[in-house]
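See below for the structure under consideration.
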Amino acid sequence: MGTLENTTLGVAFWAIGLANTLLMFTLWGYPFDHERRISSAPRSLVLLHRALGYVFVAIYVVLMVQMVPRLWAYQVELPARTVAHLVMGIAIGAVLLVKILIVRIFRHLESTTAPLLGIGLFVCTTILIGLSAPVAIREAYMSRYATRETPLGVRGVDRVKALLPGAGLPADFPIQQIASVSGLAQGRNVLLRKCVQCHDLRTILAKPRTPETWAQTVKRMAERAVFEPISEKEQWYATAYLVAISPDLQKSVLLKRQQERTQVPAEAIRRPGIQTRVPSGEPREPFDLAKAKAVFESTCTGCHSLSSVEQAPPASDAAARELVARMVDNGLNAERATLEQIVGYLARTYGTTRTDRAPGQAAVIGVESAEVKTKEPPRDDGGRRRRRGN
398 MGTLENTTLG VAFWAIGLAN TLLMFTLWGY PFDHERRISS APRSLVLLHR
448 ALGYVFVAIY VVLMVQMVPR LWAYQVELPA RTVAHLVMGI AIGAVLLVKI
498 LIVRIFRHLE STTAPLLGIG LFVCTTILIG LSAPVAIREA YMSRYATRET
548 PLGVRGVDRV KALLPGAGLP ADFPIQQIAS VSGLAQGRNV LLRKCVQCHD
598 LRTILAKPRT PETWAQTVKR MAERAVFEPI SEKEQWYATA YLVAISPDLQ
648 KSVLLKRQQE RTQVPAEAIR RPGIQTRVPS GEPREPFDLA KAKAVFESTC
698 TGCHSLSSVE QAPPASDAAA RELVARMVDN GLNAERATLE QIVGYLARTY
748 GTTRTDRAPG QAAVIGVESA EVKTKEPPRD DGGRRRRRGN
């Protein structure tokens, strides 16, 4: 099964756990005969509780049969979220085993331990589903227009048709077939069924990438596929779908960055005098604003719309460089000259103070390694230099 089916099962798993926990609270409200080890609760409620328990165990087995083999195929170091997800899954199995043994064999412990084990099961189930379901729901939310016959879906298809030829795919790939609503739906199917065999979905949706970077990433991951190989055509479909949802990924990254801006970095407090020394670049050349605009539009629209820049334009050359540097951190892969053209275009178009700096004169922070040094104030020598001069 794919990610969407597993998420649906997971939500049902949690709902059944909640219903069984509430039913357990109701059943233990009835008197319990400790000698005969029989509750006076209605037989119908007892049978319902038992039936829900069987369904709960069945769903757990189905999920674990799929999850355990994937651990052998994971190509990345397991992040903390995945480790916690795995721990909760194993804990649920252990608690289930103990509870079944108590209810079926060691019944003298039932009245004292069964309620606590039931509560523990529900807590572990809540954590388990809470760690995995939101990522799958987020992906489903982002694909709501890309794979449907809606005005926004058609607009997304047009965007993919314009950007996909520059992604480095073979010249003879069927763009009309791939860059379509049905093609994007097929790409999503590849993503949810094959790409998650080697890593979780969050690894894919962590940040936006350019079409060329998406194509390279998909190709590299396909070469590592173990259980279900990804064909070249499936790689094209997956790349097209990832290009289609990149604007929504960019919005998520922007929201996260806005939240991080409210926190003052510790390094800024510790070393407020940090200055970045950037090596000189190539000689000054006449700046072609029209050419720079074309480079800006073709490069930046791979991950987001131009309105994102127009809503919060950089007011200076420094702000433009900071903006481009953030894009590089987010995965923008371009030559230095291209980045300098983008910086120059942003500074001259949106900056309140025009700059005459030519492209290539200064490096974009974050593109090349910069040597960082701090200026220390002169030490007090107690007037020895002044006396020596006298």
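398 is the number of the first residue of the sequence shown in the numbering used here; add one for each residue after it.
C-beta atoms are modelled at their ideal positions from N, C-alpha and C, and glycine is treated no differently.
Residue j and residue i - do their beta-carbons sit closer together than 9 angstroms?
i, j, result
"V557", "V640", "yes"
"N417", "Q463", "no"
"C697", "V706", "yes"
"S436", "W425", "yes"
"I456", "I516", "no"
"L525", "K496", "no"
"L528", "A481", "yes"
"A789", "V500", "Lying before the first or after the last residue shown, residue 789 is absent from the chain, which here runs from 398 to 787."
"F422", "T522", "no"
"G486", "L518", "no"
"G748", "A722", "no"
"E620", "R590", "no"
"Y369", "A438", "Residue 369 cannot be examined here, being either before or after the span of the chain that is shown, 398 to 787."
"R745", "A689", "yes"
"N727", "R617", "no"
"A635", "I627", "yes"
Following the continuous alpha helix (DSSP H) through residue i, name the residue where it begins and the one where it ends.
i, result
"A731", "Looking at the DSSP string, A731 is not in any alpha helix (DSSP H), and its letter there is neither H nor E."
"G580", "578-590"
"S705", "704-708"
"A712", "Careful: A712 lies outside any alpha helix (DSSP H) and carries neither H nor E."
"H482", "477-501"
"I572", "572-575"
"S695", "686-697"
I need the DSSP call for residue i, collapsed to helix, strand or coil.
i, result
"I739", "helix"
"D430", "strand"
"I435", "strand"
"E402", "helix"
"E609", "helix"
"F519", "helix"
"S643", "helix"
"P756", "The predicted position of P756 is uncertain, since its pLDDT is 43 and thus under 50; no value can be drawn from it."
"W411", "helix"
"W425", "coil"
"P683", "coil"
"R751", "Note on R751: pLDDT 46, under 50, position unreliable in the model; no value is reported."
"N417", "helix"
"S628", "coil"
"L566", "coil"
"H701", "coil"
"T673", "Reliability fails at T673, whose pLDDT of 39 lies under 50, so the model's placement of it is uncertain and no value is given."
"A663", "Note on A663: pLDDT 33, under 50, position unreliable in the model; the coordinate value appears next. Three-state result, A663: helix."
Whole-angstrom Cβ separation of residue i and residue j, contact assumed at under 8 angstroms?
i, j, result
"A637", "G565", "So it is not a contact: roughly 13 angstroms between Cβ atoms."
"V740", "A717", "5 angstroms"
"R433", "E507", "At roughly 12 angstroms, the Cβ-Cβ gap does not stay under 8 angstroms, so R433 and E507 are not in contact."
"F570", "W611", "Not confirmed; about 14 angstroms, so no contact."
"L493", "V465", "Wrong, their Cβ atoms sit about 15 angstroms apart, outside the cutoff."
"P608", "L686", "With a Cβ gap of about 25 angstroms, P608 and L686 do not count as contacting."
"V554", "V578", "6 angstroms"
"P562", "I572", "7 angstroms"
"A533", "L401", "7 angstroms"
"L445", "L420", "7 angstroms"
"V408", "A530", "6 angstroms"
"L743", "L720", "7 angstroms"
Between residue i and chain C, is there a C-beta pair that is closer than 9 angstroms?
i, result
"N727", "In the structure shown, chain C cannot be found, because there is only a single protein chain."
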